[in-house]
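Asks: The structure's right below; bear with me while I get my questions together.
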Amino acid sequence: MKLADMLSYADIGQLSRIASTYQCECNGNSKNELIQSILSTVNRREVFEAQIGALKLEDLRFMNSLLFDARDAFSLEELVARVQQSKFGNAEAQQGASAEKRAEETATAAPAGKKPAAKASAAKRTAKSKAAKERPEPESGPRETISRFKQYGWLFNGYAGPERYLFQVPSDLKERFKQSMERRLTSEVVYADEEPHAYRDEQMLMGEDVSQLLTFLHLHEVPLASDGTMYKRTVLQLLELFGVKESLPGKGEWRFGYGRKIKDYPNRLSLIYDYCYYQGWIAEYDERLELTSSGKERQALRTTEGTDKLYRFWLRLYKGPVPNIRSLVHWIDKLGVRWVKSETVMRTLTPYVKPFYYDQPETILEQRLIGMMMHLGLLRIGDHAEHGQVIRMTPLGRTVVAGMSLDDEAIVLNS
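Put into structure tokens, the structure is as follows:
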């Protein structure tokens, strides 16, 4: 439902709180006047943009997680979990503490003639700190965040039956949020006016290599080691046949969470292997890797696997370690409508990427998202004389990303 519809179902108490938030001047006893005044105020672009601009990073992450969810309604418990997931750590607090510590060190190291002023300043800071400790802190937990979003008119309870316990974001506000976020993010990146002198484009290559893997198993006996992996010599033979060459993972390299075979094979090969395994085309029998009956049927077709199917699988497989992968792909798609400096995209989107164990946000963006999107044929990576590395979505990538409606369930491949 749209905002106007949700306001019409809201009780006068909630309408009054929303009107108070936006400082609407109207008859507080008239539901119709409250609704009209709220709509008039919220629909003003400068008011809406000001509200978005005042949000903390955690609030933006929380709202971002709701915008790209296939579901329309969320329970209170789900919203609380989303708010908690939006807090990636105390990095900002630590930065503030470090700045305060540096200021104190500077004051302590001041020249002799300045010590009285430094001491007075330090005493003043101590007094402020003591007063702050004595003053009760306002509640800032998940429920307070949800309550605040309700006061903004961004979240509404259902109005009847079981739905009254569920929360929804007005559909028209979802689009306005996306447009506002797009303007905000686009303003933070740098675009290239000219084409790069060279770029990599792997459209359709992964789909061809799915067929190549099945044909390889059809023509060769592939033994497996005791841990269920192909021997290094076999992997190298397979990589030579693929349209994209990859290096083997380094010894002791930290690799898990991004698929069943990510720990054993290079990123791209791992995705292809896991895809064929998930489709039921390959199986590991008695230390041998073989085609199944359905795998033999698929191999006999000798057709290229569709990019949309591989993209769907990749999103669901990587959803575990990167819960907001759909929103990140959406923003990469929007920022990459033309050649854009890769470094600025990384800097702009890193705050929205949660670390996954030893994988830092920069690594996740560069290797797990941008790198894999290139392998899937969704974007190109180029070398620009002025801007260094640049990226741009391919026509195929823009079509695939825009056309997907995916199941929310993440894929988990057990060993």
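In terms of UniProt numbering, the sequence shown is residues 1 to 415. By construction, the Cβ of each residue, glycine as well, lies at the ideal position given by its N, Cα and C atoms. Remember, predicted model here, so these are calculated numbers, not experimental data.
#1: Alpha carbon to alpha carbon, how far is Arg71 from Leu3? Give it in angstroms, no decimals.
#2: How do the segment 383-398 and the segment 331-349 stand: do at least 3 beta-carbon pairs fall below 8 Å, yes or no?
#3: Is the number of C-beta pairs between the segment 162-177 and the segment 320-331 that are closer than 8 Å three or more?
#4: Please classify Gly403: is it buried, with 16 or more other beta-carbons within 10 angstroms of its beta-carbon, or exposed?
#5: Count the other CB atoms within 10 Å of the CB of Ser37; is the residue buried (16 or more) or exposed (fewer)?
#6: Ignore the nearest five residues each way along the sequence and tell me which others in Thr344's own chain have a CB closer than 6 Å to its CB.
#7: Quick check on the burial criterion: 16 or more other C-beta atoms within 10 angstroms. Buried or exposed for Asp264?
#8: Counting beta carbon pairs with one atom in the segment 342-356 and one in the segment 299-319, are three or more of them shorter than 8 Å?
#9: On the CB-based measure, 16 or more other CB atoms within 10 Å of its CB, does Val412 come out buried or exposed?
#10: Determine the DSSP secondary structure at Ser75, reduced to helix, strand or coil.
#11: Which residues bound the beta strand (DSSP E) around Ile282?
#12: Opposite His384 in the DSSP bridges: which residues?
#13: How is the alpha helix (DSSP H) around Gly36 delimited, first residue to last?
#14: Evaluate Tyr273 with the Cβ neighbour count: other Cβ atoms within 10 Å of its Cβ, from every protein chain shown; 16 or more gives buried, anything less gives exposed.
#15: Look at the alpha carbon of Thr186 and the alpha carbon of Ile52, and state the distance between them as a whole number of angstroms.
#16: In the DSSP assignment, the beta strand (DSSP E) including Gln367 goes from what residue to what residue?
Replies: From the atom records:
#1: Using only the alpha carbons, I get a separation of about 17 Å.
#2: Segments in contact, yes.
#3: In this structure the segment 162-177 does not lie against the segment 320-331, because fewer than three pairs of beta carbons, one per stretch, are closer than 8 Å.
#4: Exposed, by the Cβ-count rule.
#5: With a 10 Å radius around the Cβ and a threshold of 16 neighbouring Cβ atoms, Ser37 comes out buried.
#6: Within the same chain, Thr344 has close Cβ partners Val189 and Val190.
#7: Label assigned to Asp264: buried.
#8: These segments do not touch.
#9: Here Val412 is exposed: its Cβ has fewer than 16 other Cβ atoms, across all protein chains shown, within 10 Å.
#10: Three-state DSSP puts Ser75 in a strand.
#11: First-last of the beta strand (DSSP E) with Ile282: Ile282 to Tyr285.
#12: Residue pairing by DSSP puts His384 in a beta bridge opposite Gly388.
#13: The question names Gly, but residue 36 in the sequence shown is Gln. Here the alpha helix (DSSP H) through Gln36 covers Lys31 to Val42.
#14: Tyr273 comes out buried.
#15: So the two alpha carbons sit approximately 15 Å from each other.
#16: DSSP places Gln367 outside any beta strand (DSSP E), giving it a letter other than H or E.
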